[in-house]
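With the first letter of the sequence shown counted as 1, position 87 gets the number 86 in numbering that gives the first Met the number 0; the numbers rise by one all the way through. Notes follow the structure.
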Amino acid sequence: MRIRRAVRALLLDGGALVLLRRTRPDRPVYWTTPGGKIEPDDASPEAALRRELDEELGATAGPVRQVFACGEESPEVYRLNTFYVCRLTSMDLSRRHGPEFEDPSRGRYDVDLVPCSPADLAAIDLIPATLAAYLQDHAADLPGLLP
0 MRIRRAVRAL
10 LLDGGALVLL
20 RRTRPDRPVY
30 WTTPGGKIEP
40 DDASPEAALR
50 RELDEELGAT
60 AGPVRQVFAC
70 GEESPEVYRL
80 NTFYVCRLTS
90 MDLSRRHGPE
100 FEDPSRGRYD
110 VDLVPCSPAD
120 LAAIDLIPAT
130 LAAYLQDHAA
140 DLPGLLP
């Protein structure tokens, strides 16, 4: 079984999380955090996270802090997701780039600001489910983890 390492951002904008609302033809709408696979030429997981923020949001972030990790297993691959909390410093959606934005068959990647509260996060289908459960207990703590 292959292991796929990925980095994901719990990207704070004021009191909200910057999330991607995914609309695909083959499943109900869901939300996910920005991020993706660590590439071989990424100097570090943090460098991969910053690259993904630039690709998916045209965004930059301040200091990052690792806060959570979880795994997802499928028949072909084990996905290890490491989540970092950080604050948004800039975002220009016109700078988004990558195959997900060039191929309409992959669906939509709309940016939503969702209040970082257990009630607001429980009202959406946030994946992975282990992240949703983590945030039910720790969403209010995230801003205090950063300088």
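Where is the CB? At the ideal position from N, CA and C, for every residue including glycine. Small disclaimer: the values here were computed from a predicted structure and weren't measured.
Assigned secondary structure, residue i (DSSP; H/G/I helix, E/B strand, else coil)
i	result
Asp109	strand
Pro98	helix
Leu145	coil
Ser104	helix
Ser89	strand
Ala60	strand
Pro33	coil
Pro44	helix
Pro117	helix
Bridge partner(s) assigned by DSSP for residue i
i	result
Asp12	Ala15
Glu71	Arg78
Val84	Leu9 and Arg64
Arg23	Arg26
Per-residue burial, residue i [other beta carbons within 10 Å of its own, 16 or more giving buried]
i	result
Glu72	exposed
Val28	exposed
Leu146	The sequence given here places Pro at residue 146; Leu does not occur at that position. Looking at its Cβ environment, which holds fewer than 16 other Cβ atoms inside 10 Å, Pro146 is exposed.
Arg7	buried
Leu16	buried
Tyr77	exposed
Leu92	exposed
Pro74	exposed
Ala122	exposed
Ala47	buried
Cβ of residue i within 8 angstroms of any chain D Cβ
i	result
Ala138	The chain labelled as chain D is not found in the depicted structure, where only one protein chain is given.
6 angstroms Cβ shell around residue i - same chain, five flanking residues per side excluded
i	result
Ile126	Tyr29 and Thr31
Pro117	Gln135 and Ala138
For residue j and residue i, believed in contact at Cβ under 8 angstroms, the rounded distance
i	j	result
Leu79	Arg4	5 angstroms
Thr88	Gly106	Going by Cβ atoms, the distance from Thr88 to Gly106 rounds to 28 angstroms, so no, they are not a contact pair.
Leu11	Leu120	13 angstroms between Cβ atoms; not a contact.
Cβ neighbours of residue i in the same chain (closer than 7 angstroms, five flanking residues each side left out)
i	result
Arg20	Val28, Trp30, Asp109 and Asp111
Met90	Leu56, Gly57 and Ala58
Any non-hydrogen atom of the ligand MG closer than 7 angstroms to residue i Cβ
i	result
Thr81	Of ligands this structure carries none, so the ligand MG is not represented either.
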